[in-house]
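Heads up: the sequence shown begins at 2 in our numbering, then just goes up one per residue. C-beta: ideal position from N, C-alpha, C; glycine also. Since the model is a prediction, treat every value here as computed from it, not as a measurement. Here is the structure we will look at.
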Amino acid sequence: MTFSRADVTRAAGDGLLSFPVTDFDSAGQFDAESYRKRIAWLLEYDISTLFVAGGTGEFFNLGLEEFAEVVQVAVEETAGRVPVIASAGQSITMAKAHAAAAEAAGADGILLMPPYLTECSQEGIVEYAAEICNSTSLNVIYYNRANGALEASAVKALADRCPNLIGLKDGRGDIQSLNTIIKTVGDRLIYIGGVPTAEIFAEAYLSIGVNTYSSAVFNFVPEMAVHFYKSLRAGDHETVARLTNDFFIPFIAMRDTCRGYAVSLVKAGAAQVGYPAGNVRAPLTMPSAEEVEKLKMLIERVR
2 MTFSRADVTR AAGDGLLSFP VTDFDSAGQF DAESYRKRIA WLLEYDISTL FVAGGTGEFF
62 NLGLEEFAEV VQVAVEETAG RVPVIASAGQ SITMAKAHAA AAEAAGADGI LLMPPYLTEC
122 SQEGIVEYAA EICNSTSLNV IYYNRANGAL EASAVKALAD RCPNLIGLKD GRGDIQSLNT
182 IIKTVGDRLI YIGGVPTAEI FAEAYLSIGV NTYSSAVFNF VPEMAVHFYK SLRAGDHETV
242 ARLTNDFFIP FIAMRDTCRG YAVSLVKAGA AQVGYPAGNV RAPLTMPSAE EVEKLKMLIE
302 RVR
């Protein structure tokens, strides 16, 4: 761990967050050198924190040894320039193993994913998250989504039990629920926008005090993603509206044509700008040639 808890909290709570795709070679295996080049490229832009092996990075498709290598390469290439946050999740046992691997690799924290598949009570989710938090000295950001979604009282209970819980990432897009959490828990935590293509929620997030979000499109249009974020924070409503209309609305329309395209289109976009990362792993599927051509035209529009 390179950064102090206060440093990680500041970095992850205010600034554009990068969630790189994970590089696979033609045989579908992790390509460390390609990934190293990707991290070096993305770090040329103004980001505050690097989240590796996350949802966009196909965390759910990585074995534990692959996961450890992804984190190791990212930490080495980042070389202390920004905090590195890895992921953890699935079962309590697996999440503890992810956290241990991330800590051994030098990561500064983990993004704790929802438990696998099963429906859960609020009390059960709190126990799941607390046990994992208490197994590591790393900073923890809880990903509030899917079957792991916590309401305000449960988030507060988890924060009270776990001093190393520093933040909550919203994956629901329910502004009422998130605002209730923020008003209930206050500045004990930082809050991160985390719905797919979070830029479409950015203005709503900002209105309730969520200053940052995960940008998947930063993987292939980094200049535009940074420009959008800085325009948002500067109150440049005209630029935000123009980029939303010119890029984000049509991109979301493409994304919503097939489940899993929130990741697949990002990988396709990275290839279009000269940083191919290979194909996604099943059960995800890559877009068709026709869809890729439409994506290429959209990229050219904003580049």
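Which of helix, strand or coil DSSP assigns to residue i
| i | result |
| --- | --- |
| Leu89 | A small correction: the amino acid at residue 89 is Ala; Leu does not occupy that position in the sequence shown. Strand. |
| Thr286 | coil |
| Ser215 | strand |
| Leu166 | strand |
| Gly149 | helix |
| Phe20 | coil |
| Tyr262 | helix |
| Asp247 | helix |
| Asp171 | strand |
CA nearest to the CA of residue i, picked from the options
| i | options | result |
| --- | --- | --- |
| Asn135 | Val267, Thr245, Ala98 and Val186 | Ala98 |
| Gly107 | Ala96, Val72 and Gly125 | Val72 |
| Phe25 | Tyr262, Ile182 and Phe60 | Phe60 |
| Ser232 | Thr3, Gly16 and Met2 | Gly16 |
| Val186 | Ala203, Ile201, Arg162 and Leu207 | Arg162 |
| Ala150 | Leu207, Ala12, Gly270 and Asp171 | Asp171 |
| Asn165 | Phe20, Ile111 and Asn212 | Ile111 |
| Asp247 | Phe229, Tyr262 and Gly236 | Phe229 |
| Glu239 | Gly270, Glu204 and Lys184 | Glu204 |
| Val53 | Ala103, Gln30 and Met2 | Ala103 |
| Ser265 | Val303, Asn145 and Ala217 | Ala217 |
| Arg282 | Ala235, Glu66 and Gly261 | Gly261 |
| Ile133 | Arg11, Thr10, Leu65 and Ala89 | Ala89 |
| Tyr272 | Thr50, Met95 and Glu294 | The sequence shown places Ala at residue 272, rather than the Tyr named in the question. Out of Thr50, Met95 and Glu294, Glu294 has the C-alpha closest to the C-alpha of Ala272. |
| Leu118 | Ala147, Ser208 and Ala105 | Ala147 |
| Val267 | Gly236, Leu190, Ile300 and Asp47 | Ile300 |
| Ile86 | Ser5, Glu66, Pro116 and Glu124 | Ser5 |
| Leu179 | Ser208, Ala158 and Ile201 | Ser208 |
| Met2 | Gly55, Ile48, Ala75 and Leu65 | Ala75 |
| Leu51 | Arg302, Gly125 and Thr213 | Thr213 |
Where the alpha helix (DSSP H) containing residue i begins and where it ends
| i | result |
| --- | --- |
| Gly14 | Arg6 to Gly14 |
| Met255 | Ile250 to Arg256 |
| Phe68 | Leu65 to Thr79 |
| Tyr206 | Ala203 to Ser208 |
| Tyr46 | Careful: Tyr46 lies outside any alpha helix (DSSP H) and carries neither H nor E. |
| Ser178 | Ile176 to Val186 |
Limits of the unbroken beta strand (DSSP E) element including residue i
| i | result |
| --- | --- |
| Leu233 | That residue, Leu233, is in no beta strand (DSSP E); its alpha helix (DSSP H) goes Pro223 to Ala235. |
| Leu112 | Gly110 to Pro116 |
| Val141 | Asn140 to Asn145 |
| Thr50 | Thr50 to Phe52 |
| Gly125 | Counting along the chain, Gly125 falls outside any beta strand (DSSP E), though it belongs to the alpha helix (DSSP H) covering Gln123 to Cys134. |
| Gly194 | Ile191 to Gly194 |
Assigned exposure category for residue i - 16 Cβ within 10 Å defines buried
| i | result |
| --- | --- |
| Leu244 | buried |
| Met287 | buried |
| Ala242 | exposed |
| Pro223 | buried |
| Asp109 | buried |
| Ile250 | exposed |
| Met298 | exposed |
| Thr94 | exposed |
| Pro284 | exposed |
| Tyr46 | exposed |
| Leu65 | exposed |
| Gly14 | buried |
Near the ligand PLP: residue i beta-carbon under 8 Å from a heavy atom
| i | result |
| --- | --- |
| Thr258 | As presented, the structure is devoid of all ligands, the ligand PLP included, so that no description of it is given. |
(message) Does the region 122-140 come into contact with the region 36-55, if we say contact requires no fewer than three beta-carbon pairs (one atom in each stretch) closer than 8 Å?
(response) no
(message) Contact between the region 31-40 and the region 266-279 is defined here as three or more beta-carbon pairs at a separation below 8 Å; is this criterion met?
(response) yes
(request) Decide if the region 250-264 is in contact with the region 72-85; the criterion is three or more beta carbon pairs, one per stretch, under 8 Å apart. (result) no
(request) May I ask you to verify whether the region 171-184 touches the region 192-211, counting CB pairs closer than 8 Å and requiring at least 3? (result) yes
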